[in-house]
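A.B. asks: Mind the numbering: the sequence shown is residues 390 to 598 in this note's numbering, read in order. For every residue, glycine included, the Cβ atom is placed at its ideal position computed from N, Cα and C. One structure follows; several queries about it will come next.
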Amino acid sequence: MSEWYVDTPAKPVATVILAHGAGAGAESEFMVDMAAQLAARNINVVRFNFPYMEIIKETGKKRPPDKMPKLEERFHTMIENVQAKWPDLPLFIGGKSMGGRVATLILEQSKALGAIALGYPFHPPGKPEKLRTEHLLVLEKPLLIVQGERDTFGRREEVESYGLSSAVQTAFLADGDHSFKPRKASGLTQDEHIQSAARLSVAFIEALV
């Protein structure tokens with residue numbers, strides 16, 4: 390079984406399984422910081438690595454992400470394991486970029502109450518015509534997308550034009566990029582935006598539990 394990274398507060402109100410993005414694993418600074426911010430707000434957070442990232446950790450050699458079915462399979466396995474360990478806590482799924490996308494793809498057939506996508510990859514950078522939104526147009530379970538306004542995978546003006554399902558809530562972080570990092574001139578910081586993303590996520594969770 391794959392390794393887990395767990396941040397458990399004293400009195401958790403829900404569990405979130407948080408999946409990593411394509412280029413950095415569960416132990417990346419963004420993932421660690423986000424988990425800590427959620428746990429500080431009484432959310433039990435479970436992070437994990439997809440199979441290809443485990444191989445990268447073992448070998449030190451870069452490799453592309455697994456195909457989507459394999460990513461989905463690992464996420465489903467994590468859901469089963471987490472529900473067995475914390476059966477009484479309401480469950481949510483989500484992740485950073487690719488991890489959030491996988492969560493949205495399995496949301497409807499999972500037992501999760503909702504999903505949280507942190508920097509959703511609406512399209513590859515520079516290829517706005519290659520949209521990854523088809524399932525988001527008809528989604529029925531609640532989804533929160535927290536997006537940097539300058540995210541090259543989907544800027545605010547683009548996202549607001551997509552006509553997503555009414556089950557999808559979008560929140561934008563001022564001047565943020567794909568990792569929520571704003572430009573210095575904005576007077577804002579990435580840390581502040583990660584805290585904001587955590588607050589938005591907890592409000593989303595609390596409204597559903």
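Between R588 and the rest of its own chain, which residues show a CB-CB distance below 7 Å, the 5 nearest in sequence each way excluded?
C.D. replies: For R588, where only same-chain residues beyond five positions count, there are no Cβ hits under 7 Å.
A.B. asks: I believe S486 touches A411 by the beta-carbon criterion, under 8 Å. Please report the beta-carbon distance rounded to the nearest angstrom.
C.D. replies: That pair is a contact at about 6 Å.
A.B. asks: Any contact between the region 390-399 and the region 425-438? By contact I mean 3 or more CB pairs, one from each, below 8 Å.
C.D. replies: Enough Cβ pairs lie closer than 8 Å, so yes.
A.B. asks: Using a Cβ-Cβ cut-off of 7 Å (strictly less than) and excluding sequence neighbours within five positions of D422, which residues of its own chain qualify?
C.D. replies: Hits under 7 Å: I583.
A.B. asks: In angstroms, rounded to a whole number, what distance separates the CA positions of A492 and S575?
C.D. replies: Their Cα atoms are separated by approximately 31 Å.
A.B. asks: Hey, out of S585, L597, A563, whose CA is closest to L427's CA?
C.D. replies: Per the Cα distances, S585.
A.B. asks: Would you tell me roughly how many angstroms separate the C-alpha atoms of F464 and P458, rounded to the nearest one?
C.D. replies: The alpha-carbon atoms of F464 and P458 are separated by roughly 10 Å.
A.B. asks: Could you pull the start and end residues of the alpha helix (DSSP H) that D422 belongs to?
C.D. replies: It spans 418-428 - the alpha helix (DSSP H) in which D422 sits, taken as one unbroken run.
A.B. asks: If the criterion is Cβ atoms closer than 8 Å, does the pair A501 and F481 meet it?
C.D. replies: Yes, Cβ-Cβ distance for A501 and F481 is below 8 Å.
A.B. asks: Which residues bound the beta strand (DSSP E) around N433?
C.D. replies: Note, N433: beta strand (DSSP E), 432-437.
A.B. asks: Are the beta-carbon atoms of Q579 and F569 separated by less than 8 Å?
C.D. replies: Yes.
A.B. asks: With H, G and I counted as helix, E and B as strand and the rest as coil, what does DSSP make of A563?
C.D. replies: DSSP places A563 in coil when its eight states are reduced to three.
A.B. asks: Would you grab the beta carbon distance between G484 and L407 for me? Rounded to a whole angstrom, and I think it's under 8 Å.
C.D. replies: Yes, G484 and L407 are in contact; Cβ-Cβ is about 5 Å, under 8 Å.
A.B. asks: Can you have a look at P510 and say buried or exposed, based on whether 16 or more other CB atoms are within 10 angstroms of its CB?
C.D. replies: It is buried - the Cβ of P510 has at least 16 other Cβ atoms within 10 Å.
A.B. asks: Output the distance between the C-alpha atoms of Y394 and V591, rounded to the nearest integer angstrom.
C.D. replies: Roughly 19 Å separates the two Cα atoms.
A.B. asks: P514 and L599 - do their beta-carbons sit closer together than 8 Å?
C.D. replies: Absent from the model: residue 599. The displayed extent of the chain is 390 to 598, so no value can be given.
A.B. asks: Return the bridge partner residues of D540 from the DSSP annotation.
C.D. replies: Answer by DSSP bridge pairing: none, since D540 is not bridged.
A.B. asks: Is it the case that the Cβ atoms of F561 and R545 are separated by a distance below 8 Å?
C.D. replies: In this structure, R545 lies closer than 8 Å to F561 by Cβ.
A.B. asks: Please list the terminal residues of the continuous alpha helix (DSSP H) segment that includes L589.
C.D. replies: Where L589 is concerned, the enclosing alpha helix (DSSP H) stretches over 579-597.
A.B. asks: In three-state terms, what does DSSP make of K573?
C.D. replies: Helix at K573.
A.B. asks: Would you mind giving the Cβ-Cβ distance between G565 and E538, rounded to the nearest angstrom? I have them listed as a contact below 8 Å.
C.D. replies: Rounded, the Cβ-Cβ distance is 6 Å, consistent with contact.
A.B. asks: Can you tell which of A563, H567, E529, E518 has its C-alpha closest to the C-alpha of S550?
C.D. replies: Checking every option, the nearest Cα to that of S550 belongs to E518.
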